[in-house]
Each structure stands twice: as C-alpha cells, then as structure tokens.
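Data first, discussion second: the structure below is written as structure tokens.
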Amino acid sequence: MGTTRELAFEQAQAKWPGVALDFGTWCRHLDTLGWPGELPATFVSLFLCCACAQRDPEACRWLDEMCSSTSRAEAARENADEEFVDWVMQAVRQHLLAAPTPKIASYDGRRPFSDWLRLVVRRRALEQKLADRAMAGTPVVPPADVRRIREAR
96 MGTTRELAFE QAQAKWPGVA LDFGTWCRHL DTLGWPGELP ATFVSLFLCC
146 ACAQRDPEAC RWLDEMCSST SRAEAARENA DEEFVDWVMQ AVRQHLLAAP
196 TPKIASYDGR RPFSDWLRLV VRRRALEQKL ADRAMAGTPV VPPADVRRIR
246 EAR
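So that you can map any letter, position 101 of the sequence shown is 196 in our numbering, and since no number is skipped, the others follow by simple counting.
Below, the structure is given as structure tokens:
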C-alpha cells in the first residue's frame with residue numbers, strides 16, 4: 096500500500112521547510128500528472144516542483160540551492176567558461192520558472208528529479224554551444240549528444 100496524499104504532503108512539508116503550498120493545489124497537480132492513486136517515490140520532489148510552478152519564493156530558493164553545484168557541473172561539461180555556465184544556469188532557471196507555463200510543472204516524478212534536471216541543463220548547454228558555434232561561423236553540425244537528445248524527444 097502506498098503513501099496517502101495527506102501523509103506525503105506532511106512529509107514533503109517537513110523536507111522543504113518554509114515552502115507554502117495548498118493541499119488542494121498539490122492534489123490537482125498530482126491528478127494532472129497522472130497520479131490519481133498511489134504516489135511515486137519522488138513525491139517530495141513533485142511537491143517542490145509544484146510549489147515552484149506556483150512561484151513560491153522559498154521553493155524557488157530551494158530549487159536554486161539544488162541546482163547550484165550539480166547543474167553547474169553539467170553545464171561546464173560543454174564549456175567550462177564561467178560566463179557560459181552562468182548564462183546556461185540563468186537560461187535554465189528562466190525555462191523552468193517562466194510564465195505562463197513553467198517547465199518545472201511538467202516534471203512527472205517517473206524518474207529522479209536530479210536526473211530530469213540534469214537533462215534539462217544538458218539540453219540548454221548543448222543548444223547554447225551550438226548557437227555559439229553558429230555565431231562564430233563554425234559549421235553547425237550537431238554533436239552525437241545533441242542528435243541522441245533530439246531523437247529521444
């Protein structure tokens with residue numbers, strides 16, 4: 096038997112202190128993502144993503160904290176230049192939290208949030224790397240990583 100929504104909600108609140116999210120909003124979010132019954136093991140991450148999609152400042156702060164090291168390292172795999180990494184991180188944050196439909200609301204909990212986030216950062220970094228090459232006049236031939244990502248979509 097899985098975790099009830101009420102218990103999961105309480106556990107998620109304990110994990111993310113200071114995050115304000117209405118229980119009804121969270122339940123609607125779970126329903127939208129296809130979790131009408133038993134919840135995935137990633138329900139704590141789903142709670143945070145839902146709160147971020149609702150623009151809760153504390154949830155966004157927690158997200159920024161989560162993104163800081165792992166995501167920066169992922170972006171740096173494409174280009175270790177600090178300016179490039181900063182730009183990618185800002186672009187990812189904008190992509191995840193921008194209105195009217197924040198991308199973070201699409202995280203469905205079917206895999207670990209860290210894996211999902213790493214893929215979002217990787218895609219953005221690869222897109223920027225290709226854009227940088229195009230601006231520099233270098234022929235734009237997508238590397239194998241980009242081709243695999245595009246085929247996976």
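Just so it is clear, CB atoms sit at the ideal spot from N, CA and C, and this is done for glycine as well.
I'd like the span of the alpha helix (DSSP H) that includes S140, first residue to last. 138 to 148
Please report the residue range of the alpha helix (DSSP H) in which K224 lies. 208 to 230
To the nearest whole angstrom, what separates the beta carbons of A200 and C144, a pair I think is in contact under 8 Å? 7 Å
Can you list, in chain order, the residues of its chain whose CB lies under 6 Å from that of T165, leaving out five sequence neighbours each side? none
Compare the beta carbon distance of R219 and A186 with 8 Å and say whether it is the shorter of the two. yes
Using the Cβ count rule (16 or more neighbours within 10 Å means buried), how would you classify S209? exposed
Supposed close pair A146, L116 - CB separation, criterion 8 Å: 4 Å
To the nearest angstrom, how far is the alpha carbon of R123 from that of R100? 11 Å
Nearest-angstrom Cα distance between G204 and E178? 32 Å
So V114 and D151 are supposed to be a Cβ contact under 8 Å. How far apart are they, rounded? 6 Å
Considering only the alpha carbon of each residue, which of A170, A148, N174 lies closest to R249? No answer is possible for residue 249: the residues shown for the chain start at 96 and end at 248.
Curious, which full-length alpha helix (DSSP H) runs of at least 4 residues does the region 148 to 211 contain? 152 to 162, 165 to 171, 177 to 192
Measuring CB to CB, does L192 end up less than 8 Å from C155? yes
N174 versus T98: straight-line alpha-carbon distance, rounded: 42 Å
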